[in-house]
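Have a look at the structure below, then the notes.
Number of protein chains: 4
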Amino acid sequence: MRANSGSDEQGRSFTERGRRAQIVAATVEAIVDLGYPKASFGQIAQRAGLSSTGMISYHFENKAELMRQVAVSVYGTAEELVGTRVVAADTARGQLRAFIEASVDFYRTHHRELRALTEILINHRDDQPVMPLHQRDIGALEELFRAGQRTGEFRDFDPHVMAVAVRHALDGVAMRLGTEIETDADSYARELVTTFDLATQARQEES
Amino acid sequence: MRANSGSDEQGRSFTERGRRAQIVAATVEAIVDLGYPKASFGQIAQRAGLSSTGMISYHFENKAELMRQVAVSVYGTAEELVGTRVVAADTARGQLRAFIEASVDFYRTHHRELRALTEILINHRDDQPVMPLHQRDIGALEELFRAGQRTGEFRDFDPHVMAVAVRHALDGVAMRLGTEIETDADSYARELVTTFDLATQARQEES
Amino acid sequence: MRANSGSDEQGRSFTERGRRAQIVAATVEAIVDLGYPKASFGQIAQRAGLSSTGMISYHFENKAELMRQVAVSVYGTAEELVGTRVVAADTARGQLRAFIEASVDFYRTHHRELRALTEILINHRDDQPVMPLHQRDIGALEELFRAGQRTGEFRDFDPHVMAVAVRHALDGVAMRLGTEIETDADSYARELVTTFDLATQARQEES
Amino acid sequence: MRANSGSDEQGRSFTERGRRAQIVAATVEAIVDLGYPKASFGQIAQRAGLSSTGMISYHFENKAELMRQVAVSVYGTAEELVGTRVVAADTARGQLRAFIEASVDFYRTHHRELRALTEILINHRDDQPVMPLHQRDIGALEELFRAGQRTGEFRDFDPHVMAVAVRHALDGVAMRLGTEIETDADSYARELVTTFDLATQARQEES
DNA sequence: CATGAATGAGGTTTCATTCAT
DNA sequence: TATGAATGAAACCTCATTCAT
């Protein structure tokens, strides 16, 4: 009848996972091309090579759920890419650097997904909110900062504000990478690393 | 027959300027309440105390133009408030501090306008694009940084990247102030000033 | 913006009352022609000479509300026609006869409205139910029966069951008049009057 | 390829008869729960424990045919239950009483089927019309009345109108038993028997 | 200036039905 | 037989915009 109950990808047939992924990808394209408000089922179906919008409704309970899945998908990819590189570092300072570099890297390689995610995060309003998403990032960063402060690597700043600053500074980079005519992603990464390194490190004259 | 040609407020009757301002304000409210995609003429008219959406079409050429005016209006207010405080400072460092503090101040006092502006910036797509808006801010910041680097107040970083970082870190604050349960705006301001102060100042051991 | 708030006809412009009546009439036609499930906005708009289904949504909050108005309208007409003839009679027995005769009369002259009403009563399911409608009729009949029993005109039966029997026997006539190839309405009336006269009157051998 | 040609249950495999009965039962449930217009194949399949609506299309030529089968099934059950009790009586008057009592009995024990049947009778429109169903009942009643009139048991009324009255008065009871908060079915039966007994019997003073 | 009415396009979603597996 | 996927039509409804008054 319908295959759209539940919201994770487990317990779904092979073909269905394929279709869902295809639709999610097409949604990203539609949002990037047309903007969230004009990313209609019609546009999405077209980009997914489907001959009917009914197919989308068949695979996703409704539009809100589809958008949620897009967010989850993009965020999942990002988390995996960034996460593995962060845990590979052994100092807090190194982890911060890894977080920034990996994030910029991700933005460079996935700027369309990222742009779509941003639009969804801004526009999606629902009872079932999409987003303990940025939240999760910010939480992780706060943790990182607090750990660094305990070991004395970092100076004594408000971990929350700093996490917000880092997170959204990166968002800024993301938005630029999507639209600007070939900005150099590496220089963004390099400068941001330096910036937040300076902003966080314990003052040397105090050591 | 129609009063909506052109896009600035000059050459308009008193009542018309009033209606336009009223509609712009109502648009802000609608966007904040419902999100950009659901901020329809109907909702806007309702919030403006108008009993017909025809009135909006009469005063604005189309929806895109209305949104453009909202952006211009909010951005104008912000620029005035922030600009006057920035020029009052006499060192580049002081100006950076003033920019950050004034911005946070503006966000605290105008977070609804700000939220609306953000949604418009993200969503608005048009042949006649609204917004070299952030652009203008970023340009001004770059200028400020370059000046500071020339006088030796600032270290040698990429002014563009730093401008983007500052601008979007502030955006992050803005988004938080709109939704978080009573975040302390002052502590955001204080921490961001310190952060970017540390990130930009010439290294003291090198002086 | 929209003229569809509230649900009675007061406080509406002349033109609007006209349009609403026109749409209600077209809804009756559509239901009779196609049946409730296929009486779509498209079909209704067509029959109302409207070039767009949007016009219906403009005048009625939603389909449920439109159906409610149809029911109210038909029932109102019936109540007026039947009511005036019932109160004109002075004995309970005479009132029962008047009720039956006037009802059959109404069915003959308004069998399309009646058919539509029946379909709506059966099919409409909503939180805001249409129908203390038959209920009202049945209540009135119970009252009539009880009065007649008090004066000794009627024998001692259960007024509720008898009311249900009368009301639904009349429904049966209604359904027949709509579909049968020219049944003689008068003979229906005559027979039903006799039937329920005999069924209700106090036994003469007991007097 | 398909098993749905024809419309009676003969010449069908055991499993197929089972599935068809199961689907018919589920259709009754769906109609009672949701109303005819919302009794979709999806809802029916769900209630039948089927995981695909394709199964329904496989077993029934189309939706109209399914509905026809539901009607036939319910009506068949009713006819059997009522019929056996009617023929057991030996006077026309006794048969009328039996018909009413057995009918009310059937409504009490099968009100869901009955409700579904009613909705189908009202809503079903097709080139291949379902239902000389009530018709058949009414025909039988007319026969019964005519027989009683010949033997002098009944007075001289129009058998058709009386049949319609009885038939639809019973429908009214059926509808009430489905929705009212515990109406006493027995009192309905008792009162209706008395009512139509009085309405039909030859006047004793004339004998 | 302002209103209410009208239009027509386009939105999401549900549905009966078909078909490959 | 049974399933899940696909299709395309049609459903209700909202919207920006226009126009007569």
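Residue numbers (our numbering), protein chains in the order written: chain A, 16 to 222; chain B, 16 to 222; chain C, 16 to 222; chain D, 16 to 222. Even for Gly, the Cβ is constructed at its ideal location relative to N, Cα and C. Model, not experiment: these values are computed from the prediction.
Between G50 (chain C) and R191 (chain D), the CB-CB gap reaches or exceeds 8 Å. Chain-order list of chain A residues neighbouring T68 (chain D): M16, by C-beta distance under 7 Å. Taking a C-beta distance under 8 Å as the contact criterion, A217 (chain D) and F160 (chain D) do not qualify as a contact pair.
The C-beta of A184 (chain A) comes closer than 8 Å to at least one C-beta of chain B. Nearest to A214 (chain B) by C-alpha distance, out of B:D171, B:V97, B:K78 and B:A36, is B:D171.
Remark: C-beta atoms of L156 (chain B) and A178 (chain B) approach each other more closely than 8 Å. The straight-line gap separating the alpha-carbon atoms of S22 (chain C) and N77 (chain C) is approximately 11 Å. Taking a cut-off of 8 Å on C-beta distances, the region 203–212 of chain A does not touch the region 39–57 of chain B, as fewer than three cross pairs fall below it.
Straight-line spacing of the CA atoms in Q61 (chain B) and L81 (chain B) works out to 16 Å. When the five nearest sequence neighbours on each side are left out, the beta carbons in the same chain lying within less than 6 Å of the beta carbon of A79 (chain A) are those of D141, in order along the chain. Relative to D173 (chain D), the option among D:E158, D:T166 and D:A184 whose CA is nearest is D:E158. If only complete runs of 4 or more residues are kept, the region 20–75 of chain D shows the alpha helix (DSSP H) at 29–49, 56–62 and 69–74, in order along the chain. Contact annotation: D186 (chain C) and H183 (chain D) have beta-carbon atoms nearer than 8 Å.
Cβ-Cβ distances below 7 Å link A45 (chain D) to A54, Q58, I59 and R62 in the same chain, with the five nearest sequence neighbours on each side left out; the list follows chain order. For F211 (chain B), DSSP records no beta bridge to any residue. Sequence-distant partners of Q110 (chain C) (beyond 5 residues in either direction) whose C-beta falls short of 6 Å from its own C-beta, in its chain, are V101, A104 and L159.
Less than 8 Å divides the Cβ of F121 (chain D) from the Cβ of V97 (chain D).
Residue C:H149 holds the alpha-carbon nearest to the alpha-carbon of Y90 (chain C) among C:Q164, C:T99 and C:H149.
In this structure, the beta-carbon distance from Y73 (chain C) to A18 (chain C) falls below 8 Å. Assignment of F114 (chain A) by DSSP, reduced to helix, strand and coil, places it in the helix class. Contact residues of the region 86–111 of chain D toward chain C are absent (C-beta to C-beta distance below 7 Å). With contacts defined as CB atoms closer than 8 Å, R108 (chain A) and G163 (chain A) qualify as a contacting pair. Annotation for T133 (chain C): the continuous alpha helix (DSSP H) segment containing it runs H126 to N138. Residue burial annotation: E116 (chain A) is buried, with at least 16 other C-beta atoms found within 10 angstroms of its C-beta. Secondary structure at F121 (chain B): helix, using DSSP grouped into helix, strand and coil. Counting C-beta atoms within 10 angstroms of its own C-beta, F211 (chain A) has 16 or more neighbours from the protein chains shown and is therefore classed as buried. Closest in C-alpha terms to T166 (chain C), from the list C:E134, C:D48, C:T68 and C:T106, comes C:T106. The beta carbon of T68 (chain A) sits closer than 7 Å to those of F56, G57 and A60, all from its chain and outside the five residues before and after it, given in chain order. For R100 (chain C), the enclosing alpha helix (DSSP H) has its first and last residue at K78 to A103.
At a beta-carbon threshold of 7 Å, the residues of chain A lying near A180 (chain B) are A184, G187, L207 and T210, ordered along the chain.
R32 (chain C) and R83 (chain C) have their alpha carbons spaced roughly 16 Å apart. When DSSP states are grouped into helix, strand and coil, F169 (chain D) belongs to the strand group. The beta carbon of E116 (chain C) sits no closer than 8 Å to any beta carbon of chain D. Cβ-Cβ distances below 6 Å link E134 (chain A) to I46 and Y51 in the same chain, with the five nearest sequence neighbours on each side left out; the list follows chain order.
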